[in-house]
Amino acid sequence: MDTKELTFIIMMGALGSALFVVSQAIGQIAPSIAVDISLLAVFIAGIYAGPRAGFATGLIAGLIPGIMFGPLGAGGVIGFIAIPLGKSFTGLTIGLLAAQIKTNRNLIRALICMPLTWIAYIPEGIFTYVYFTQILTRIADMPPTVAAGVASTVLIKAIIEVVVMSNIIAILGYHKGVNNFIETHFHKPKTIKQQQ
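Counting the sequence shown from 1 gives a position; our numbering is that position plus 30.
Structural data, given as structure tokens:
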């Protein structure tokens, strides 16, 4: 990992944290449930810099939510570990999926990345369901029916957020200026010839 990649990871992790804080401040749906678009930074890191960067960015972007819903919420230490880990699963998955795209054409990449963001959330979605229905029912003595209800609410909200973020990813992926900026200053993806 070189300095540029590390800088990109830290920058995207900070962006993810900032997006979470802003989301919590202005996007409250119910107590302890708010719109959260922090995964946007994780998707960007995974798509542009690969699975390692996506995983690391997910860990960084998950620290503040981990504290808020872990030690400061109902999750305790397990929540502090589980929430960043869930976000890192999404970063790893989108990085692995995006690495399979073998075209440099912005429009095609943008269109392909939309469904990839939906697919990339599946591991975190499963992990989130298990966290609420299995882990929190044991460590926080949350009644199973309450845990299932909270898990369902969180997952429905997350799916809507991922669909919205996939559109943002497509717009960013199509925008030549964004692609050139990231490739020039932070990470230069391998060309098709280098990948073969």
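Note that CB positions come from ideal geometry on N, CA and C, so glycine has one too. Quick caveat, the model's predicted, so the values are computed rather than measured.
In the structure shown, the three-state DSSP call for residue 64 is strand. Rounded to whole angstroms, residue 47 and residue 202 show a C-alpha spacing of 19 Å. Look at residue 58 here: in three-state DSSP terms it is strand.
8 Å or more divides the Cβ of residue 127 from the Cβ of residue 111. In the displayed model, residue 130 falls within coil according to three-state DSSP, outside both helix and strand. Contact check for residue 172 against residue 79 fails: the beta carbons are separated by 8 Å or more.
Taking residue 182 as reference, the option from 168, 158 and 191 with the minimal CA-CA separation is 158.
DSSP, read as helix, strand or coil, puts residue 173 in coil. Rounded to the nearest whole angstrom, the CA to CA distance from residue 68 to residue 75 is 12 Å. DSSP, read as helix, strand or coil, puts residue 80 in coil. Contact check for residue 72 against residue 121 passes: the beta carbons are separated by less than 8 Å. DSSP places residue 106 within a helical segment (H, G or I) once states are collapsed to three. Looking from the CA of residue 32, the closest CA among 59, 116 and 83 belongs to 83. When rounded, the separation of the alpha-carbon atoms in residue 53 and residue 95 is 11 Å. Across the set 57, 37, 167 and 198, the C-alpha of 198 shows the shortest separation from the C-alpha of residue 147.
The DSSP-derived three-state label of residue 43 is helix.
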